[in-house]
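Some notes on the structure that comes next.
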Amino acid sequence: MQMFDFRNLKLQFKYGRSPTEVLLQTWAMDNVNAAALRDALVEAGLIRAANVVKTLLGEEEIVNQPIEDMPGDIQRFPYETLELSTGGFNPTPFREGGNLIGAGGYGRVFIGEGSSGKIAVKRLDKNNQLSGDDRQRHASELTQQFKKEIEILARFRHSNILQLIGYSDDGPHYCIVTMYMKNGSLEDRLACLDDTAPLTVTQRIDIAVDTIRAINYLHSYEEEPVIHRDVKTANVLLDDDFTAKLADCALARLGPTNQNHSVTYTGTIIGTTVYMPLEYKQDGTISTKIDSYSYGVVLLEILTGLPSYDEEREDKGLPEHISEEVDKPDDILSFLDRSATDWPDGVAVAIYNLAKSCLDFRKRRPEISKICSEMEKYKAACAADSHQTS
């Protein structure tokens, strides 16, 4: 059933018609089957009605109960409230007058109107094509992913980590509500999406420092380092002042707490491949050095303005492309994004050398605390150069 049917259903309900009558009438006209009606009811949030159809189909009821043990100090939004604030989760892109501002493997992000201004609502989409055990397994994984992201965002408060406002767990989809980031992602700004102005050198270095501060905070939190596992330019969001906020903590996990055991292993490889180090892709080796590697890729993107992955390049991944083209550190100067104005003498080469060390083998890769210290120095050098030339 098409998306306009749901909007029409809500509109007809607003004007006094029964939503059930409208839905059944549309269903009859479309000549779809009972399974399609079930999925339509789920999408519309009519869970009780969907469960009736599922019973007739011999399927188990849709579990739609609020989750226990969620953080008590975080606002819980009714699903209907978020639905209304986002225009019914309007799937038309924001730049075309709709509410959709992002999408990924987890679901979609919509802009909404909150009580104190604009909000971003990440809706975790269920896979309604699955059935039986696969459907239950997917639902369980989605629940765990949702709980983990809420717990991490609620637990870790930092000026460079995306601020959690609340969540919803009483509707057909889990939702995570965060502050709205007006300037979008670093990935989009580097690509000058929608004809936005290029980022200046100062903005790029500030954003790089903001990002590493967030990662360093996660890694140094008490005795339990939190490994983000999905550091990438798409997950670095920019507010009104271009202050960077690290987002999407759904893949994060606690690292080893014993200093004698800095590595652990997993059978499940998750994240974005081009940002993954070899040891993680090959055998699931997990350490804080995963985030070091990912940050190295981010630095290359900031320096060059090139995408992390490009099908048109012979070496599609940016680390491989730069490694093939840059023989000595000074060669990076010919790859700098010239739309960013002039880089201070020595700073671009120094950042490239740091990025290169981040992309080294795990044992030679620097820890985030060391990377953070180096980036703070480069930021100070850039500020001093800017002051001298002004």
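Counted the way this note's numbering counts, the sequence shown spans residues 119 to 508.
All residues carry an ideal CB built from backbone N, CA and C; glycine is no exception.
Query: Segment contact, 8 Å Cβ cut-off, at least three pairs: the region 269–285 with the region 333–348; Result: yes
Query: Extent of the continuous alpha helix (DSSP H) to which ALA257 belongs; Result: 250–273
Query: Alpha-carbon to alpha-carbon, GLY250 and GLN263; Result: 20 Å
Query: Cβ pair count under 8 Å reaching 3, the region 303–319 against the region 419–429; Result: yes
Query: VAL354 - partner residues in DSSP beta bridges; Result: LEU364
Query: Proximity of GLY284 and GLN193 at Cβ, strictly below 7 Å; Result: yes
Query: Exposed unless 16 or more other CB atoms sit within 10 angstroms - verdict on ASP324; Result: buried
Query: Unbroken stretches of the alpha helix (DSSP H), 4 residues or longer, contained in the region 294–349; Result: 304–308, 319–337
Query: Inter-residue spacing [alpha-carbon to alpha-carbon] between ILE180 and ASP288; Result: Note that ILE180 has pLDDT 49, beneath the 50 cutoff, so the model's placement of it is unreliable and the number below is only indicative. Near 12 Å, if we compare the C-alpha coordinates of ASP288 and ILE180.
Query: Range of the contiguous beta strand (DSSP E) that encloses ALA221; Result: 218–222
Query: Proximity below 7 Å, CB of GLU492 to CB of LEU472; Result: yes
Query: Residues near GLN281 by beta carbon distance below 7 Å, same chain, minus five either side; Result: THR296, MET297
Query: CA nearest to the CA of GLU588, picked from THR390, LYS240, ALA315, LEU454; Result: There is no way to answer for residue 588, as the model of the chain reaches only from 119 to 508.
Query: Environment of GLU259 [buried if 16+ CB atoms lie within 10 Å]; Result: exposed
Query: Beta-carbon gap between VAL227 and LEU304 smaller than 7 Å; Result: no
Query: Distance between beta carbons of TYR413 and ILE330, contact taken as under 8 Å; Result: 6 Å
Query: Exposure label - SER286; buried when at least 16 CB within 10 Å; Result: buried
Query: Beta-carbon gap between PRO447 and VAL415 smaller than 7 Å; Result: no
Query: When MET394, ASN208, TYR197 are compared against GLU438, the one with the closest alpha-carbon; Result: MET394
Query: LEU421 versus SER233, ILE294, ILE450, residue with shortest Cα-Cα distance; Result: ILE450
Query: Within 7 Å, strictly: CB atoms of PHE212 and ILE229; Result: yes
Query: Environment of GLU432 [buried if 16+ CB atoms lie within 10 Å]; Result: exposed
Query: Proximity of ASN334 and CYS476 at Cβ, strictly below 7 Å; Result: no
Query: ALA238 (DSSP reduced to helix, strand or coil); Result: strand
Query: Beta-bridge pairing of SER286 - partner residues as DSSP gives them; Result: CYS293
Query: Proximal residues to CYS500 (C-beta, below 8 Å), its chain only, five neighbours per side dropped; Result: VAL319, THR320, ILE323, PRO462, VAL465
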